[in-house]
Amino acid sequence: MSNSLWVALGLVLVVEGLGPLIAPNGWRQMVAQLSEQPDNQLRRLGGCLVVAGAVIAYYFA
813 MSNSLWVALG LVLVVEGLGP LIAPNGWRQM VAQLSEQPDN QLRRLGGCLV
863 VAGAVIAYYF A
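Note that this note's numbering has the sequence shown beginning at 813, numbered continuously upward.
This is the structure we're talking about:
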């Protein structure tokens with residue numbers, strides 16, 4: 813894997829870790845609310861996140 817992919821993975825881990833680090837109770841409530849959502853809504857959310865990430869990666873690459 814190239815260094816850019818390792819840096820990207822590291823940044824993803826940093827961003828993902830900020831929620832539980834800064835506001836663990838709020839993060840826990842958000843995860844609980846997400847777990848109650850229907851599968852189709854979660855798929856739409858995941859698809860939007862993938863598209864947004866791809867656009868950002870394309871824009872800055």
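Using N, Cα and C, we set each Cβ at its ideal position, and we do this for glycine too.
Short Cβ contact (8 angstroms threshold) for residue i with residue j
i: S832; j: W839; result: This sequence places Pro at residue 832; Ser is not what is there. Yes; because the gap between Cβ atoms is below 8 angstroms, this pair is in contact.
Start and end residues, alpha helix (DSSP H) containing residue i
i: Q841; result: P836 to S847
i: A873; result: Here A873 belongs to no alpha helix (DSSP H), and DSSP marks it neither H nor E.
Inter-residue Cα distance where the pair is residue i and residue j
i: L854; j: E848; result: 10 angstroms
i: G829; j: Q845; result: 18 angstroms
i: G859; j: G865; result: 10 angstroms
i: L799; j: N852; result: What the structure shows of the chain is the stretch from 813 to 873, and residue 799 is not part of that stretch, so it cannot be assessed.
i: A873; j: R856; result: 25 angstroms
i: V863; j: Y870; result: 10 angstroms
i: N837; j: V843; result: 10 angstroms
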